[in-house]
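Everything on this sheet refers to the single structure shown next.
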Amino acid sequence: MQTLPLVHAALFAAILGSISSPGDAWGQVADTGNVDAVVASSLYFPGKQEQWEIVDAEEAGWEQSQLDALLDWAGERGSSSVLILWQGRILAEKHWGEGSGATSGRYQRMFVRFNDRQQAIEDVASVQKSIVSVLVGVAIHKKLLQVDDSVSKHLGVGWSKASPTQEAKIKVKHLLSMTSGLTDDLHFRAKPGTRWLYNTAAYAVVRDCLVVSSGMSVHELTRRWLMDPIGMTESKWIPRAKSITALNAFGFSSSAR
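Under numbering that gives the first Met the number 0, the first residue of the sequence shown is numbered 0, with each subsequent residue one higher.
Structural data, given as structure tokens:
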């Protein structure tokens, strides 16, 4: 996970995204009956207590030698863990403990601990955005929040450094899609929906909306809505060191599994 954060994030987002059924556009509700049926028939979901099933490379249409080469390549570049799923089953998995990149300052900031299998548990950085997006989906299902809600509806006036008028036009969907029009320090720069900027600080505000709309702490709602139901026993929100809290005060720690 050390030197492959984008790969890990992409895999995580793809896996989680494959079980959702968004509408045709933000704020619209689509008929997902057929989609849900297809997903249910093609994907495997391990139970909380059962052994996670493994799929043979040949069955999945992969060459085992190429998968082995990929894992070797990842290990040589300092990765601590790689987990690849195919339709929910484990296609490839390897763990290197801290990995060869463990001496880097960044890794030391992100490493949390080893689990009882000596697999690294780390602050998985922007993978947490995928976690937040799943929680937003649950909140929508529970009718606690909508993507077309003004952020100010949940947080009141003053959550950003924009004027109250500018702030009121920013919706939850703008935070999720990185189109809030805010700078990294939450000052106004552009009309919402007109300018894209990868903005971790603005995205982190979504978590605050979830906390207010649910009436629970981020720890409790994540445990109830996501971690307990699917058995994420090694995952939790953690406070970050002061040196890296400017954009986001919380990290999400997890093992690759």
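C-beta: ideal position from N, C-alpha, C; glycine also.
Cβ-based burial, THR193 [other Cβ within 10 Å; buried from 16]: Counting the other Cβ atoms within 10 Å of the Cβ of THR193 gives fewer than 16, which makes it exposed.
With a 10 Å radius around its C-beta and 16 neighbouring C-beta atoms as the bar for buried, classify ILE130 as buried or exposed. Buried, since its Cβ has 16 or more Cβ neighbours within 10 Å.
Best match in PHE249, SER79, GLN63 and LEU66 for proximity to ARG256 [C-alpha to C-alpha]: Ranking the options by Cα distance to ARG256, first place goes to SER79.
For my contact list, SER252 and GLU121 are in at a C-beta cut-off of 8 Å; report their separation, rounded to the angstrom. For a cut-off of 8 Å, the C-beta gap from SER252 to GLU121 is around 6 Å, short enough to register as a contact.
Hey, GLY96 and ALA119 are a contact pair by Cβ (cut 8 Å); roughly how many whole angstroms apart? Right, their Cβ atoms sit about 7 Å apart.
How long is the line joining the alpha carbons of ALA29 and ILE229, rounded to whole angstroms? Only weak support is given to the placement of ALA29: the predicted model assigns it a pLDDT of 45, under 50, and the value that follows is read from those uncertain coordinates. Using only the alpha carbons, I get a separation of about 25 Å.
For LEU82, write down the residues that DSSP places opposite it in a beta bridge. Its beta-bridge partners are GLU92.
Taking only three categories from DSSP, how would you classify LEU185? Note: LEU185 maps to coil in three-state DSSP.
For SER64, count neighbouring Cβ atoms within 10 angstroms of its own Cβ and tell me buried if that reaches 16, exposed if not. By the beta-carbon neighbour count (other beta carbons within 10 angstroms, threshold 16), SER64 is exposed.
Report yes if the C-beta distance between LEU174 and ALA201 is below 7 Å; otherwise report no. In contact: LEU174 and ALA201 (Cβ atoms closer than 7 Å).
Can you check DSSP and say which residues form a bridge with GLU121? Per DSSP, the beta bridge partners of GLU121 are PHE110 and SER253.
Leaving out five residues before and five after LYS128 in sequence, what residues of the same chain have Cβ atoms less than 7 Å from its Cβ? Same-chain partners within the cutoff: TYR202.
Starting from PRO238, follow its DSSP beta bridges and name the residues at the other end. PHE249.
According to DSSP, residues forming a beta bridge with ILE53: For ILE53, which the question treats as bridged, DSSP gives the partners ILE89.
What three-state label does DSSP hand HIS173 in the structure shown? Of the three classes helix, strand and coil, the one that applies to HIS173 here is helix, per DSSP.
Starting from PRO163, trace the alpha helix (DSSP H) both ways and give me its first and last residue. Where PRO163 is concerned, the enclosing alpha helix (DSSP H) stretches over 163 to 167.
Would you kindly report the start and end of the unbroken alpha helix (DSSP H) that includes LEU42? Counting along the chain, no alpha helix (DSSP H) covers LEU42, and no H or E run does either.
Report the rounded CA-to-CA distance for ILE53 versus LYS235, giving the unit in angstroms. In a straight line, the C-alpha of ILE53 is about 26 Å away from that of LYS235.
Are the beta-carbon atoms belonging to VAL260 and ALA68 less than 7 Å from one another? Since the first residue of the chain shown is 0 and the last is 256, residue 260 is not available in this structure.
Mark ALA161 as exposed unless 16 or more other C-beta atoms lie within 10 angstroms of its C-beta, in which case mark it buried. Buried, by the Cβ-count rule.
Run through the DSSP bridge pairs and tell me what SER159 is partnered with. Paired residue(s): none; SER159 is not in a bridge.
Out of LEU66, ARG239, GLY87 and HIS94, which has the shortest C-alpha to C-alpha gap to ARG108? It is ARG239 whose Cα lies nearest to the Cα of ARG108.
Spatial neighbours of MET215 in its chain, beta-carbon cut-off 8 Å, leaving aside the 5 residues before and after: For MET215, where only same-chain residues beyond five positions count, the Cβ hits under 8 Å are ARG223.
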